[in-house]
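Peer 1: In the UniProt record's numbering, the protein residues as written are 1 to 611.
One structure follows; several queries about it will come next.
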Ligand code: G6P
């Protein structure tokens, strides 16, 4: 939550910072601001609301600031203090000698504020960040170099943060540090960059340095120097990112959500590539984990990643006969969990920086569990906490609501289930290879689903015109898919939506059903299809407008549903991926029909770096 950027170098600081913030806006969009430094003073510009408001304020400066060469920027997801100009970052300390941008939370800010007020410091915002600005300013105004001042201030802070600062006394220098919030340095020629995430800088560089917890980095146009908290210099190897700059551009699409839904075949292809051969043999040797002793699995995750975990549980238990618990990370972290060194903890996180998921990993480590991270973000915090990592190769996901990362997470868990079953000897090799060959068809089947649904969502979306709420139903593997469909719809359309096990629906949610509560039913296959159909008939009998998700040739779908959304026939292992596509498209169209911004739903942020 919140995105920070920094730049030192050429006379293009404003351009670089604004572009970087544009690619970080998914992290929060309550306000945005810049602090620029040239000569002896720092100039700040801050605006409430979306980045475009800041863009207008910058344009109104008529080029006055465009030549500046040093600066920091911020896009905010409000934690302490409502979205307002005063609470926007950068926060300025002392007599304007220091400006600070911050992502995270300073948990002990109240006592630090009291201490500062006691020394006569006047506060102009309600933010926790302002204490940092004043603490820094006190030291800088007493003559300490900015880097040393930041090192000293870090020792006083509790919580999670990534912070960047400039000082009026040190032109051409940006310093930054982090603790439990992400920060990367981008390396350029005669210019250097800082950002919360690599996607902010893909238009500028592919070469990055990670900053570790507790380190302080000092960036100038010619150098990047990293120091420990004791002031010792640190040698750090750069890493290359192979994502394309176009991956973070809209291209032919009107929004990132639609673009990313359509990128699912490619995300699946890239994620499976090198891990599944033509005969269906899985190779996950990259994770270098001994799975033979694993007798229990705990999946920890939040949001969409949790739903991927629920799908993984089904397949792992069926094939590998290892019990799987799927835990909401924010609950798990404060539980008294059961586990030992034979417990494999699978932490799923697109961003790799979700605070609750990271804390749940910490909880699991306390009982000796081995941690496998499934993440889309190379070098993210979770990759450094985990014993092993399986990267999803979905490419950068910009839309706050996750789509292609979900597909890639499901594919990785499918691979894990097949591999675990092989190691455990719980399924015949032939069966595993056959499932593996089925899994190889994931890109093709998801592409076929997209093609089949092209231009077909309108009637289903139309049923939501007067909707008060909606109910997503499924059984077996269709149940997690229903949960994901409900989450997608509620998070971007703001229509209250529940995902429910179809058989359980009669124990409560059926009371919601009327003409203004569309029911979206994933019919599924086999015996569960028959059972689901009966449940859906029960809702139709009570006036529900049913949208049935079913195979093209499923005659019952047309009978029970006001609208049928057809999906192609697909092997069992691929069905959840195929069912999810119409649910994503439906959520998208319902929200856009309401004139909503699907990429930036209200109150949400893509990376949740607070508890
Ligand atoms: C937020 C996002 C969701 C995401 C969840 C977990 O709520 O809006 O799209 O599923 O965080 O994020 P992670 O990065 O850990 O997968």
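C-beta: ideal position from N, C-alpha, C; glycine also.
For clarity, every value in this text was computed on a predicted model and none was experimentally measured.
Which residue marks the beginning of the alpha helix (DSSP H) containing residue 175, and which one marks its end?
Peer 2: Looking at the DSSP string, residue 175 is not in any alpha helix (DSSP H); the run it does join, the beta strand (DSSP E), is 174-179.
Peer 1: Out of 138, 127 and 172, which one is the CA nearest neighbour of residue 11?
Peer 2: Looking at the Cα atoms, 172 is the closest of the given residues.
Peer 1: Measuring alpha carbon to alpha carbon, tell me which of 432, 347 and 70 ends up nearest residue 167.
Peer 2: It is 70 whose Cα lies nearest to the Cα of residue 167.
Peer 1: Cutting at 7 Å between CB atoms, please list the residues of its own chain near residue 234, excluding the five before and the five after it.
Peer 2: 215, 226, 227 and 228, listed in sequence order.
Peer 1: Between which two residues does the beta strand (DSSP E) harbouring residue 117 extend?
Peer 2: Unbroken run through residue 117 is the alpha helix (DSSP H), 109-118; no beta strand (DSSP E).
Peer 1: Any heavy atom of the ligand G6P inside 8 Å of the beta-carbon of residue 28?
Peer 2: Residue 28: no, Cβ never under 8 Å from the ligand G6P.
Peer 1: Taking the DSSP output, what are the residues bridged to residue 349?
Peer 2: Answer is 375.
Peer 1: In chain order, what are the residue ranges of uninterrupted alpha helix (DSSP H) at least 4 long that sit wholly in the stretch 499-576?
Peer 2: DSSP runs (the alpha helix (DSSP H)) wholly in the stretch 499-576: 526-540 and 555-560.
Peer 1: Mind checking which residues open and close the alpha helix (DSSP H) that includes residue 485?
Peer 2: Taken as a continuous stretch (DSSP letters only), the alpha helix (DSSP H) holding residue 485 covers 478-493.
Peer 1: Does the ligand G6P have even one heavy atom less than 8 Å from the beta-carbon of residue 604?
Peer 2: Yes, since a heavy atom of the ligand G6P falls inside the 8 Å radius drawn around the Cβ of residue 604.
Peer 1: Which same chain residues, not among the five before or five after residue 291, have their C-beta less than 6 Å away from its C-beta?
Peer 2: For residue 291, where only same-chain residues beyond five positions count, the Cβ hits under 6 Å are 420 and 423.
Peer 1: For residue 400, is the beta carbon positioned less than 8 Å from some heavy atom of the ligand NAD?
Peer 2: As presented, the structure is devoid of the ligand NAD, carrying the ligand G6P as its sole ligands.
Peer 1: Just to confirm, are residue 316 and residue 324 a CB contact at a threshold of 9 Å?
Peer 2: Against a cut-off of 9 Å, the Cβ pair of residue 324 and residue 316 comes out as a contact.
Peer 1: Look at residue 81 and residue 127 and say whether their C-beta atoms are less than 9 Å apart.
Peer 2: Cβ distance < 9 Å, so residue 81 and residue 127 count as in contact.
Peer 1: Rounded to the nearest angstrom, what separates residue 182 and residue 162 at their Cα positions?
Peer 2: When rounded, the distance between both Cα atoms is 6 Å.
Peer 1: Check whether the Cβ atoms of residue 580 and residue 394 sit closer than 9 Å, and answer yes or no.
Peer 2: Not a contact, by the Cβ cut-off of 9 Å.
Peer 1: Okay, do the stretch 517-530 and the stretch 538-558 touch, 3+ Cβ pairs below 8 Å being the bar?
Peer 2: Enough Cβ pairs lie closer than 8 Å, so yes.
Peer 1: Buried or exposed: residue 264, going by 16 or more other Cβ atoms within 10 Å of its Cβ?
Peer 2: With 16 or more other Cβ atoms within 10 Å, it is buried.
Peer 1: With contact counted as at least three CB pairs below 8 Å, one residue from each stretch, are the stretch 341-354 and the stretch 429-446 in contact?
Peer 2: Because the criterion of three Cβ pairs below 8 Å is not met, the stretch 341-354 and the stretch 429-446 do not touch.
Peer 1: Considering only heavy atoms of the ligand G6P, does any lie closer than 8 Å to the CB of residue 2?
Peer 2: Flag unset: Cβ of residue 2 not near the ligand G6P.
Peer 1: Who pairs with residue 497 in a beta bridge, going by DSSP?
Peer 2: Paired residues: 470.
Peer 1: In the structure shown, what three-state DSSP assignment does residue 368 receive?
Peer 2: In the structure shown, residue 368 sits in coil (DSSP, three-state: anything other than H, G, I, E or B).
Peer 1: What is the DSSP secondary structure of residue 613, counted as helix, strand or coil?
Peer 2: The question about residue 613 has no answer, for the chain in this structure spans 1 to 611.
Peer 1: Measuring alpha carbon to alpha carbon, tell me which residue in 222, 298 and 528 is nearest residue 502.
Peer 2: It is 528.
Peer 1: Going by other Cβ atoms of all chains shown within 10 Å of its Cβ, with 16 needed for buried, is residue 105 buried or exposed?
Peer 2: With 16 or more Cβ atoms within 10 Å of its Cβ, residue 105 is classed as buried.
Peer 1: Assuming residue 38 is part of the alpha helix (DSSP H), what are its boundary residues?
Peer 2: Per DSSP, residue 38 belongs to no alpha helix (DSSP H); it is in the beta strand (DSSP E), 31-38.
Peer 1: Compute the Euclidean distance between the alpha carbons of residue 454 and residue 368, then round it to the nearest angstrom.
Peer 2: Rounded to whole angstroms, residue 454 to residue 368 spans 49 Å at the Cα level.
Peer 1: Is the beta carbon of residue 372 less than 9 Å from the beta carbon of residue 353?
Peer 2: Contact flag unset, no.
Peer 1: Kindly indicate which residue of 313, 511 and 550 has the alpha-carbon position closest to the one of residue 524.
Peer 2: Selected option, being the one with the closest Cα: 550.
Peer 1: Please state if the CB of residue 60 and the CB of residue 101 are separated by a distance shorter than 9 Å.
Peer 2: Result no, Cβ atoms of residue 101 and residue 60 do not sit closer than 9 Å.
Peer 1: What is the rounded straight-line gap between the Cα of residue 532 and the Cα of residue 154?
Peer 2: Going from the Cα of residue 532 to the Cα of residue 154 covers about 56 Å.
Peer 1: Considering residue 332, what are the terminal residues of the alpha helix (DSSP H) in which it resides?
Peer 2: Run containing residue 332: 329-332, per the alpha helix (DSSP H) assignment.
Peer 1: Cα-Cα, which of 186, 213, 314 and 289 is closest to residue 202?
Peer 2: Looking at the Cα atoms, 186 is the closest of the given residues.
Peer 1: Compare the C-alpha of residue 14 against each of 218, 63, 375 and 133 and name the closest.
Peer 2: The shortest Cα separation from residue 14 among 218, 63, 375 and 133 belongs to 63.
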